[in-house]
Every structure is written in C-alpha cells, then in structure tokens.
Ligand code: FAD
Ligand code: SIN
C-alpha cells in the first residue's frame, strides 16, 4: 500500500453525487473550483432509484397553500412552517432549471397516447398524503433521469473534478488543530478505495450530500451506499443532529425471493391500486379501517396498518391490486415496474403484487436551516443527510427531491455571499495529514460481517415500525456493546471502506435509539405503543449535541 500523504485544495468540497451533491456542485462551479466525491460509481445513490417523482405546484387547480397544508398534515405537528413555505415556493424555479439542463418530464400525451388539447402538459402523479395530483415524473425512473442529466453537466464543467470510489472518512474541523473557539470545517479526510490510502482534501466550504442511512435496517429500499456516513461524520465534528427517531418505512417494497430490494412506487396507488390482505383464503381491502384516505393515506399510517395486518393474520406479505387498469396504460405509465414484474412472472394487469414495508428515508439528520447551514461554520448539509424541518415527523411523498434541489441552491448562494469575507482561523499548512498510528492489517474480517448483520437485525426487530420502551432499552444495551467492540477494532486495525461504514452505521443506530428513547409520545413515524399518539403542533424537535451525549429537547 502506498502510504505517501497527498493533499488537494479547492474552494468547494462536495461529498456525494446524488441530486443534492450534483446540484450543489453545478451551482458552486460558477464561482470557484469544486471537488465532487462519491464512494461508489457517481450514479449509484438513492436518487438514482427514485420512481414517483418531484412534488411541485404546477397547475391552476393546485396552490402553494395546498402543498404546504399537505406537508404539514403529513409531518404530524413537527414541520417548521417557514421552511415548508420556502421550499414549496422554490419548486417551479428549481424544476425549470432541470428542464433547461435537458430533463424531460412525462407529458399527458405520452400517457394517454393521444393528441388532445393538453397533450403537451405535464402528466402529474398522485401519492399518499397529497390531496392533489402534483408529482412531476419521468416515467417511473425519475431519479435515474435526474442523475443522468446533472452528472453529464458536472462531467462537462471545467471547474469540477470528480473523484469516484473515494470514501470520506472524517471531516476536518478546527478541533483537529486544537482551536477551541468557534468550530470551523476545513475539509475532509478521504480514502481512495482501490489503495486504502487516505488523502487530505482542504476546502473553503464543505457540502455534505451523503444521502440516507437505510442500511441500518435489515430490510430497506436503499442501495448499499446508504450507510449514514454524513450524519456520523458531522456528529464526530461536533455538529448538532436532529430527529433521528423519525425513520420512514415505505409501505410497498416488492416481496419476492428472487430480486434485490425493489420499490413499487406509491404512484401505483395514486393511479388506483388498493392494498389487500389474505383473510381465510379471500383477498380483502383493509385501509378503509385505518384512514379516510384509504390506500392513499400518509405513509406512516399505511406502513403501520400493513405491519398490523401481517402480525394479526400471520401472512408474509400484503398485496397491491391494480388489475382494473388496462395493460397498455400500465406499460406506458410504469414501464420500469411493469417490465421488472414481468421478468419475475408477475403481470400487474392480471396478478396481485406482493409487497411488504421496508426502511426507506431518514427524516432526521444534520440540523440545518433552509440554507443547509449546520452548526459548524462553513459546513453545509444538503438533501437526505440534512434535517431542515421540512418533513417534521413524517415526510410527504416526493418532497425529498424537491428539498434537495431547493436547499442545494440556497446553500451555495449563502456560501457565495460569504466567499471573500470568510478567513478560517487556521492556515491550510497547519492541517495535519491523516495519522494511521501503528494500526495493523486485520485477519478477522468476519468480525465486521457478523457485527453488520447483528446490528441491522436488532434495529429491525427492536427499533422498527412499532417500538416499545422495553425494546428500545434492549437495543440500547446491544448497541453499547457493539460500539465498544467496533471502536477498539477501528483503532487497532488499518482502515477499510467496510470498517468505515460499519462504524458509521453503529453511530447512526445509537442516535436513532437515543432519540427514540427520549421521545415520550407517539408522533408521525415514531410509534411507541407505551405512549399515546400526539399530532398536535407545535411538537418539539429532538436535538443531539456533543459533548454531552444525552438527547435534549429543543427550547
Ligand atoms: P443520494 O442520492 O443517496 O446520494 C448520496 C451520495 O453520497 C452518493 O453518491 C454516495 O456515494 C455518496 N456518499 C455517501 N457516503 C459517502 C462517503 N462517506 N464518502 C463519499 N461519498 C459518499 N424521493 C422523492 O422525492 N421522490 C421519489 O420518487 C423518491 N423515490 C425513492 C425511491 C427509492 C427506491 C428510494 C431509495 C428513495 C426515494 N426517494 C424519493 C428519496 C430520494 O430519492 C432521496 O431522499 C434523495 O434522492 C436523496 O438524495 P441525496 O442527494 O441527498 O442522496
Ligand atoms: C415512491 O415512488 O413511492 C417513492 C416516493 C418517495 O419516496 O418520495
């Protein structure tokens, strides 16, 4: 292994190449040099799997107020209304920018296969919790198209250098050089995965855009990159973290032994699919017993209802029924889902689709304002890694791509406004390179695989869709043990990407457990059957602050 130190400097370091990172990089590149890093291929991220689309007010029959109200209702009394308003109103401008870059959203003519007067208008999808059709989509591969358009623009930009297969290990903050006054972010230590060599990236501004943490649970819709690295790194750099107890479970992940996790978009229910469960050999609807919006109720309610029905009936899965729609429509509206199911022998025009809930979206994250500003100076957190207050206790469907677009724009505008005035208290040459100490090569990789599996299993069993105080207590004891073991392993052995991710996942698990243990009520996605449901506004955010590890309520 080549251990020679290497350092790179730039104006903006952007960690992550999903919608949040790519948009941040493109905006920043107009003002300075940008380094963009992704720990896998640049197009492997949660964004690339987004199906439903981007919620945005586009038509006269809709209004910003209606979108705000739907978001607040889904958020169960915990959304920050000023942030909701800001992001919802930014929607049309951010969508125009995507279209100017070449993104094609599906039109009505493409779905109805006709040339009617509104054939050129965008086809708007509907999803759970939305009282209107307002979700712009590119077929059912919206995220893949978004990444393709943005990544192409980034690759072509002379001010952007992209480092793929490079994993950020830790942020560099003024605490690293024992500067005890205000905490500034100065860049990050980043591992080149092919060699495990750790490079020093020094930057004026750092944007965390590392996405979600679905891999903390055994069953998830998220790809392997979603290990919560950004939240864990920000925590180690003394940033405040918020609302980690609110992990969203998507109600309808395909249940099939022969496929990797595959989402059946909520847009399928938006086009009329209903949820059913098998009772005494019959397939019966059940969502009307749980919510007036039935199968299109907000996601937390639908996921809990399915969980309850599965536990009551002992069945392995629930089913989506959209057999009343004709095959041509389903193929035009959901080409990817329709094709994927056909490959598995399921014809959605004729067969029921087996589904189960799975961990999907981390509503909590690094605490920021609507500009993505964290509590560490010159560190921004944008996209799923951040917690702006938009989602509150439960995210409204298709609001996260919108949030990432809006906050990326705001963050770079804020940084640019301070570009010349910001002088960090530490000179770049004072920043030390990574010190590997006398760590050795590990001959016990099994420890990592075993711990990884154990952690994801107990998080699913004890800190899943429905929690109790006793289960949370058990989880807390387990995570303490695992964290101690991982920390010891971390300092004794040479770092590998797997070890970096495992340590981060354990840290995320501990934050979820701590936040969940602190909340003495059931609200939105946090359902603790020892406490009654409370959706009254204003709820209080949970905030984790170092060095006192205890979660505290925000004043
Ligand atoms: P991501 O797109 O996940 O990107 C994270 C990036 O960070 C990746 O490039 C990754 O490699 C990189 N990274 C992570 N850690 C490190 C590290 N340590 N070092 C270097 N790089 C790192 N939302 C909607 O609004 N509408 C939808 O229709 C929708 N559908 C969805 C469907 C699925 C199956 C899933 C999983 C999510 C869906 N979501 C949807 C949620 C939405 O896709 C995500 O919240 C959003 O795309 C997150 O974007 P992001 O840029 O923050 O993170
Ligand atoms: C979906 O298409 O069901 C996912 C939408 C989202 O997560 O916002």
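Numbering (the numbering used here), first residue to last: 704 to 1258.
Positions of the beta carbon are idealized from the N, C-alpha and C atoms, including for glycine.
Query                                                                                                                        : Result
Burial state of residue 1124, where buried means 16 or more other Cβ atoms lie within 10 Å                                   : exposed
Proximity to residue 1278 [Cα-Cα], best of 818, 819, 813                                                                     : The chain is shown only over 704 to 1258; residue 1278 falls outside these bounds and no answer can be derived.
Rounded distance between the beta-carbons of residue 1088 and residue 911, thought under 8 Å                                 : 5 Å
Under the three-state DSSP convention, the category residue 1231 falls into                                                  : strand
Whole-number beta carbon distance between residue 1172 and residue 1059, since they are thought to touch under 8 Å           : That pair is no contact at about 26 Å.
Distance CB(residue 966)-CB(residue 1024) smaller than 9 Å                                                                   : no
Opening and closing residue of the beta strand (DSSP E) in which residue 734 lies                                            : That residue, residue 734, is in no beta strand (DSSP E); it is neither H nor E in DSSP.
Cβ neighbours of residue 1193 in the same chain (closer than 6 Å, five flanking residues each side left out)                 : 1206
Check your reading: residues with Cβ closer than 5 Å to the ligand SIN heavy atoms                                           : 754, 755, 968, 969, 1100, 1101
Sequence-distant residues of the same chain with beta carbon closer than 6 Å to residue 860, five excluded per side          : 732
Residue from 738, 747, 832 with nearest C-alpha to residue 769                                                               : 832
Between the CA atoms of residue 834 and residue 895 - distance to the nearest angstrom                                       : 47 Å
Closer than 8 Å: residue 758 CB and nearest the ligand FAD heavy atom                                                        : yes
C-alpha distance - residue 1139 paired with residue 1128, whole-angstrom precision                                           : 26 Å
Residue 1200 - containing alpha helix (DSSP H), residue span                                                                 : 1200-1221
Sheet register partners of residue 887 (DSSP bridge)                                                                         : 1080
Cutoff 9 Å: residue 1171 Cβ touching any chain D Cβ                                                                          : The chain labelled as chain D is not found in the depicted structure, where only one protein chain is given.
Sub-9 Å separation of residue 850 and residue 1105 beta-carbons                                                              : no
heavy atom of the ligand FAD below 8 Å from residue 1203 C-beta                                                              : yes
Where the alpha helix (DSSP H) containing residue 1175 begins and where it ends                                              : 1172-1195
Collapsed DSSP secondary structure at residue 769 in the structure displayed                                                 : helix
Check whether residue 1180 and residue 926 have beta carbons under 9 Å apart                                                 : no
Neighbourhood of residue 982 by C-beta distance below 7 Å, restricted to the same chain and skipping five residues each side : 1016
Three-way DSSP call (helix, strand, coil) for residue 1136 in this model                                                     : coil
From 997, 1029, 728, residue whose alpha carbon lies closest to that of residue 719                                          : 728
Straight-line Cα distance separating residue 1018 from residue 1075                                                          : 43 Å
Option in 773, 756, 871, 821 with minimal Cα separation from residue 798                                                     : 756
Sub-9 Å separation of residue 868 and residue 737 beta-carbons                                                               : no
Residue closest to residue 1114, alpha-carbon to alpha-carbon, out of 1084, 887, 811                                         : 1084
Secondary structure of residue 1068, DSSP reduced to three states                                                            : strand
Cβ neighbour criterion (16 or more within 10 Å) applied to residue 754                                                       : buried
Integer-rounded CB distance, given that residue 822 should sit under 8 Å from residue 1107                                   : Actually they do not touch by this definition, with Cβ atoms about 30 Å apart.
Nearest neighbour of residue 1167, chosen from 857, 923, 793 [CA to CA]                                                      : 923
Through-space distance from residue 1221 to residue 1251, alpha-carbon basis                                                 : The predicted position of residue 1251 is uncertain, since its pLDDT is 44 and thus under 50; no value can be drawn from it.
Within 9 Å, strictly: CB atoms of residue 1259 and residue 887                                                               : Past the boundaries of the shown model lies residue 1259; the chain is included only from 704 to 1258, so the question cannot be answered.
Counterpart residues of residue 1022 in DSSP-defined beta bridges                                                            : 979, 1057
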